[in-house]
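One structure below.
Chains as they are written, first to last, in my numbering: chain W, 1 to 329; chain L, 330 to 485.
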């Protein structure tokens, strides 16, 4: 049966980013980063994953702070809790879709614990992979467990784990960047290009690297924005889909638009073809229908983690129509 | 595994406890401090039975490492009454028959307690939203919501 006690661990608590990157350099994939722990600890308890070392990053002050400067924009430390983002005045005034997206994650207690960095680096979710060790005794290992088969897509040649994090579509729509620290260096990468689409290793990140902060450009006037997420049972289930939209202009002529989705496929998707199609157009039933067709084609929704591809396509249609309606005036 | 001494303020009282890295806050509260009002339900952060207030905010003690909680203020269900006098929320739960098997009650009351502390006049929707991570498998939600509403109204 399942043993719900945590396995033996070595616990580390760096106080600075330098200490953290040194640990990461030395231990690489032997260590797991503990921020909110809301996903990691249950996975360790279920023996879904194993790790020798746990590295708590919440004692690094730099990682737990939010700051806003007019010229630089918003900087959110990777270990800032979702609750602190929701409650932050600058977020609710200038980056409302981020607040809404953070608000849509799980429930009260988990938002008090879970962090933005954790949501961004959330492991891919899968109806099969996330089963217990006991359950896996009766099956051959899938790709993510080091085997050679995918149970989600029959005959699939790669891992089709779902990219399920709710805040990511908002971050992509807001053109957010990540700061990733390695030993003695750091680099910046757009959230949009951070994901690989391979469930085995969903993030563009070296074994010796850690996400330390999120940067969002200064808020510009003239954009309207909206976020929606659908799931079967509000807080318990992962999303059928989440959709973020930012629009500049009016219903008569769309000057600019950004559309981002997550929770539908192996990676978050910015619907670039639909954006190109919509820029300069007037919003009508015809353009909307064509845009929806393009978005669904770009996202190619999967059937797993609580929703069929059919339902995902339907919900993308409903959410996109509702969001356009809410931002077009 | 290396044991370490951590310091916790539980219900206002300081405790110094030797813990192992794989001890959860829930295990420390129940097995080392003896406060068994906090329950273990699913053990995986899904049901809310193990909710305690950490620095005033509801968190799940079954997926919080004890070492991670080092230095923090914890409030459990044992800490919200004053002496023999129950908290108004506890009284309201009793009066409204909001306790059936009682397993979710401690977590439910602590979550509601924080809600009433942070919002003076929460709507029914806000109450439902706040407690949606606390599962009651007797499904006595109607009476639970009535009890929280009554405590809210009495506090005005």
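Every residue gets a Cβ at the ideal spot worked out from N, C-alpha and C, and that includes glycine.
Any chain W beta carbon closer than 8 Å to residue i
i, result
"residue 350 of chain L", "yes"
"residue 423 of chain L", "no"
"residue 448 of chain L", "no"
"residue 392 of chain L", "yes"
"residue 354 of chain L", "no"
"residue 440 of chain L", "yes"
"residue 435 of chain L", "no"
"residue 387 of chain L", "yes"
"residue 370 of chain L", "no"
"residue 465 of chain L", "no"
"residue 404 of chain L", "no"
"residue 482 of chain L", "no"
"residue 462 of chain L", "yes"
"residue 380 of chain L", "yes"
"residue 459 of chain L", "yes"
"residue 397 of chain L", "yes"
"residue 377 of chain L", "yes"
"residue 374 of chain L", "yes"
Distance between beta carbons of residue j and residue i, contact taken as under 8 Å
i, j, result
"residue 81 of chain W", "residue 37 of chain W", "With a Cβ gap of about 11 Å, residue 81 of chain W and residue 37 of chain W do not count as contacting."
"residue 122 of chain W", "residue 170 of chain W", "Incorrect: roughly 14 Å between the Cβ atoms, too far for contact."
"residue 68 of chain W", "residue 27 of chain W", "Going by Cβ atoms, the distance from residue 68 of chain W to residue 27 of chain W rounds to 34 Å, so no, they are not a contact pair."
"residue 215 of chain W", "residue 243 of chain W", "Their Cβ separation, rounded to whole angstroms, is 23 Å, which puts residue 215 of chain W and residue 243 of chain W out of contact at 8 Å."
"residue 292 of chain W", "residue 320 of chain W", "6 Å"
"residue 327 of chain W", "residue 245 of chain W", "6 Å"
"residue 197 of chain W", "residue 266 of chain W", "5 Å"
Contacting residues, own chain, Cβ-Cβ under 8 Å from residue i (five flanking each side not counted)
i, result
"residue 106 of chain W", "38, 114 and 235"
"residue 5 of chain W", "45"
"residue 465 of chain L", "429, 433, 437 and 473"
"residue 186 of chain W", "179, 180 and 212"
"residue 232 of chain W", "240, 306 and 307"
Chain-order list of residues whose beta-carbon lies under 7 Å from that of residue i (same chain, five-residue window excluded)
i, result
"residue 357 of chain L", "346, 348 and 395"
"residue 1 of chain W", "Confidence in residue 1 of chain W is poor, its pLDDT being 39 and thus under 50, which makes the residue's placement too unreliable to answer from."
"residue 367 of chain L", "355, 358, 359, 379, 381, 390, 405, 406 and 435"
"residue 110 of chain W", "38"
"residue 229 of chain W", "104, 166, 239 and 242"
Close beta carbons around residue i, own chain, < 6 Å, minus the five adjacent residues each side
i, result
"residue 58 of chain W", "79"
"residue 207 of chain W", "28 and 29"
"residue 317 of chain W", "292"
"residue 247 of chain W", "224, 257 and 327"
"residue 270 of chain W", "172, 192 and 260"
"residue 249 of chain W", "255"
"residue 463 of chain L", "377, 433, 436, 437 and 440"
C-beta neighbour in chain L for residue i, strict 8 Å
i, result
"residue 10 of chain W", "yes"
"residue 313 of chain W", "no"
"residue 113 of chain W", "yes"
"residue 234 of chain W", "yes"
"residue 42 of chain W", "yes"
"residue 37 of chain W", "yes"
"residue 56 of chain W", "yes"
"residue 47 of chain W", "no"
"residue 282 of chain W", "no"
"residue 109 of chain W", "yes"
"residue 353 of chain W", "Nothing about residue 353 of chain W can be read from this structure; chain W reaches only from 1 to 329."
"residue 187 of chain W", "no"
"residue 83 of chain W", "yes"
Residue i classed as buried or exposed, judged by whether at least 16 other C-beta atoms fall within 10 angstroms
i, result
"residue 143 of chain W", "buried"
"residue 154 of chain W", "exposed"
"residue 71 of chain W", "exposed"
"residue 455 of chain L", "exposed"
"residue 88 of chain W", "buried"
"residue 282 of chain W", "exposed"
"residue 469 of chain L", "buried"
"residue 359 of chain L", "buried"
"residue 308 of chain W", "exposed"
"residue 268 of chain W", "buried"
"residue 128 of chain W", "buried"
"residue 201 of chain W", "exposed"
"residue 343 of chain L", "exposed"
"residue 126 of chain W", "buried"
"residue 422 of chain L", "buried"
"residue 204 of chain W", "exposed"
Proximity test, residue i beta-carbon vs the ligand GDP heavy atom, cut-off 7 Å
i, result
"residue 351 of chain L", "This structure does not include the ligand GDP; it has no bound ligands of any sort."
8 Å Cβ cutoff, residue i in contact with chain A
i, result
"residue 476 of chain L", "Absence of chain A from the displayed structure is noted, the protein chains being W and L."
Whether or not the region 450-458 of chain L and the region 419-433 of chain L are in contact is what I'm after, with contact meaning three or more pairs of Cβ atoms, one per stretch, closer than 8 Å; do they touch?
no
Is the region 124-140 of chain W touching the region 396-408 of chain L, taking contact as three or more C-beta pairs under 8 Å?
no
Are the region 455-466 of chain L and the region 474-485 of chain L in contact at 8 Å, needing three or more beta carbon pairs?
yes
For the region 378-394 of chain L against the region 402-409 of chain L, are there 3 or more C-beta pairs whose distance is under 8 Å?
yes
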